[in-house]
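Visitor: What follows is a structure written as structure tokens; I'll ask about it next.
Residue numbers (this note's numbering): 1 to 435.
Here you go:
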């Protein structure tokens with residue numbers, strides 16, 4: 001699922017300066033978005049991780065999957081332009097790139113950031129190059145992540161930015177994300193990362209290689225991770241929560257969505273016809289990479305379980321059916337691993353699925369009974385640090401096994417954007433210390 005993103009003068013930053021971990025590469029005059037020309041202000045290099053200068057937090061991030069092998073995209077001498085939406089702002093920021101599932105080294109020939117305009121275009125005068133240890137290109141080994149050098153410029157909260165990367169050599173899109181945003185691919189013809197209108201731009205269903213945007217400030221900051229499945233992707237409640245935090249004066253908290261469609265707590269994905277990696281590794285498998293690896297991490301909100309309950313025998317093997325005790329044991333592992341690292345973890349109750357027809361076999365009396373039982377344990381166990389009662393927030397009081405129509409995306413399973421706002425409203429902000 002993609003979301004149209006619009007740029008405005010308040011959606012990015014006023015250019016200040018860009019520094020690398022080693023040395024400043026270029027000094028130039030850049031156009032500010034609405035105050036005319038502003039010179040780059042050159043200063044000594046500062047590493048992004050310098051906690052004495054400020055606290056880092058994740059402003060945007062996404063969970064990565066490996067596409068079905070037969071559908072892996074291939075890029076050569078082309079530029080990807082991907083639009084992301086920030087949560088927390090910062091005085092400085094960096095971009096994370098990933099080659100999580102790559103079978104070979106990922107070579108990025110150039111990477112830039114800018115303010116997005118309509119479609120694949122960017123706002124003139126807002127583009128700037130990223131560097132990696134002072135270099136304009138970077139090689140990312142299979143399974144690794146690369147961090148850009150610090151961009152010492154103001155990143156606005158709740159803003160849209162365009163990240164462009166040039167892939168000069170034949171590259172397989174083995175690390176990607178589905179349904180999470182807007183991305184474009186240029187036609188072949190050299191490095192187009194700084195080009196205003198991306199030539200031959202084609203919208204993409206996938207979102208390759210860009211893994212995160214991190215912001216840092218001189219003040220305190222922290223990260224909230226939404227660890228979840230497609231109900232989070234469709235409803236976009238993490239985005240609504242970020243907006244609510246800003247409106248409440250808690251804009252030092254970043255909110256990122258590590259949600260993967262079809263994801264489960266216990267099992268890595270494998271369809272009835274064979275491996276189907278599109279639905280991602282399980283939460284237990286990807287916890288250290290996708291959650292613990294976030295800068296400034298303090299809080300986790302987990303919303304998972306429906307695919308574990310209703311998926312086996314539908315689009316997962318029937319042999320992967322799980323019991324209530326299996327799910328509880330899995331949640332207890334997430335709780336223990338979160339607490340071991342000093343994080344708090346909250347859980348969302350599982351929302352209704354009554355009337356769903358898009359996934360035959362999901363809505364059955366047995367699955368409904370399992371959903372109700374799991375929700376009872378989440379509410380009553382006292383083992384989580386907090387509860388977000390999504391079931392209560394979204395269900396139809398006249399028919400509690402169904403979503404309230406105003407919160408229904410249309411498939412009677414996934415909440416819509418209004419449902420996402422209802423979930424965000426159900427989050428108890430007093431659970432966050434950074435208020």
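Don't be surprised by glycine CBs; every beta carbon is placed ideally from N, CA and C. Source: prediction; values computed, not measured.
In the structure shown, what three-state DSSP assignment does residue 367 receive?
Guide: Your numbering for residue 367 matches position 367 in the chain shown. DSSP places residue 367 in helix when its eight states are reduced to three.
Visitor: Considering only C-alpha positions, which residue in the set 343, 305, 398 is nearest to residue 374?
Guide: For this step, residue 374 is matched to residue 374 along the chain shown. Minimum Cα distance to residue 374 is reached at 305.
Visitor: Entirely within the region 337 to 362 and at least 3 residues each: give me those beta strand (DSSP E) ranges in chain order.
Guide: Here the runs fully enclosed are 344 to 348.
Visitor: Just reading off the alpha helix (DSSP H) that residue 425 is part of, what are its end residues?
Guide: In the chain shown, the residue the question calls residue 425 occupies position 425. Here the alpha helix (DSSP H) through residue 425 covers 417 to 426.
Visitor: Whole angstroms is fine: what's the gap from residue 367's alpha carbon to residue 92's?
Guide: Numbered from 1 along the chain shown, position 367 holds the residue referred to as residue 367. Numbered from 1 along the chain shown, position 92 holds the residue referred to as residue 92. For residue 367 and residue 92, the distance between alpha carbons rounds to 47 Å.
Visitor: Thinking just about the alpha-carbon of each residue, which of 56, 422, 63 is nearest to the one in residue 279?
Guide: Residue 279 sits at position 279 when you count from the first residue of the chain shown. Closest option to residue 279, Cα to Cα, is 63.
Visitor: Tell me whether residue 130 is buried or exposed, calling it buried when 16 or more other Cβ atoms sit within 10 Å of its Cβ.
Guide: Within the chain shown, the letter at position 130 stands for residue 130. Classification of residue 130: buried, given that the 10 Å Cβ count is 16 or more.
Visitor: Please report the straight-line C-alpha distance between residue 112 and residue 357, rounded to a whole angstrom.
Guide: Locating residue 112 in the chain shown gives position 112, where the first residue counts as 1. Locating residue 357 in the chain shown gives position 357, where the first residue counts as 1. Their backbone Cα atoms lie some 43 Å apart in a straight line.
Visitor: Buried or exposed: which applies to residue 419, given that a residue is buried once 16 or more other Cβ atoms fall within 10 Å of its Cβ?
Guide: Translated into positions along the chain shown, residue 419 becomes position 419. Buried is the call here.
Visitor: For residue 369, is the classification buried or exposed, using 16 other Cβ atoms within 10 angstroms of its Cβ as the cut-off for buried?
Guide: Reading the chain shown from its first residue, position 369 is the one you call residue 369. Residue 369 should be labelled exposed.
Visitor: With 16 other CB atoms within 10 Å as the buried threshold, where does residue 85 fall?
Guide: In the chain shown, residue 85 corresponds to position 85, counting from 1. By the 10 Å Cβ count, residue 85 comes out buried.
Visitor: Quick one: using the 10 Å Cβ neighbour count with 16 as the cut-off for buried, is residue 68 buried or exposed?
Guide: Position 68 of the chain shown, counted from the first residue, corresponds to residue 68. Exposed, by the Cβ-count rule.
Visitor: Take residue 297 as the anchor and find which of 214, 264, 354, 360 has the nearest alpha-carbon.
Guide: Locating residue 297 in the chain shown gives position 297, where the first residue counts as 1. For residue 297, the nearest C-alpha among the options comes from 214.
Visitor: Measure the C-alpha to C-alpha separation of residue 118 and residue 333 and round it to an integer number of angstroms.
Guide: As a first step, residue 118 must be located in the chain shown, where it is residue number 118. As a first step, residue 333 must be located in the chain shown, where it is residue number 333. Their backbone Cα atoms lie some 44 Å apart in a straight line.
Visitor: According to DSSP, is residue 303 part of a helix, a strand, or is it coil?
Guide: Along the chain shown, one-based indexing puts residue 303 at 303. If DSSP states are grouped into helix, strand and coil, residue 303 belongs with the strands.
Visitor: How would you call residue 342, buried or exposed, if buried means at least 16 neighbouring beta carbons within 10 angstroms?
Guide: As a position in the chain shown, residue 342 is number 342, starting the count at 1. Label assigned to residue 342: exposed.
Visitor: Per the DSSP calculation, residue 202 is bridged to which residue(s)?
Guide: Start at 1 with the first residue of the chain shown, and residue 202 comes out as number 202. Its beta-bridge partners are 185.
Visitor: Kindly give me the distance between the Cβ atoms of residue 224 and residue 299, rounded to whole angstroms, as I take these residues to be in contact under 8 Å.
Guide: Taking the first residue of the chain shown as position 1, residue 224 is located at position 224. Taking the first residue of the chain shown as position 1, residue 299 is located at position 299. Indeed, because the Cβ distance is near 4 Å, the residues count as touching under 8 Å.
Visitor: Residue 67 by DSSP, collapsed to three states: which one?
Guide: Here residue 67 refers to the residue found at position 67 of the chain shown. In the structure shown, residue 67 sits in coil (DSSP, three-state: anything other than H, G, I, E or B).
Visitor: Which residues bound the alpha helix (DSSP H) around residue 241?
Guide: Along the chain shown, read from residue 1 onward, the residue named residue 241 stands at position 241. Where residue 241 is concerned, the enclosing alpha helix (DSSP H) stretches over 237 to 247.
Visitor: Which value, in whole angstroms, describes the spacing of the CA atoms of residue 378 and residue 139?
Guide: Taking the first residue of the chain shown as position 1, residue 378 is located at position 378. Taking the first residue of the chain shown as position 1, residue 139 is located at position 139. When rounded, the distance between both Cα atoms is 44 Å.
Visitor: In the region 375 to 408, which residue ranges form an unbroken alpha helix (DSSP H) of at least 4 residues, counting only runs that do not cross its ends?
Guide: Within the region 375 to 408, the complete alpha helix (DSSP H) runs of at least 4 residues are 390 to 394.
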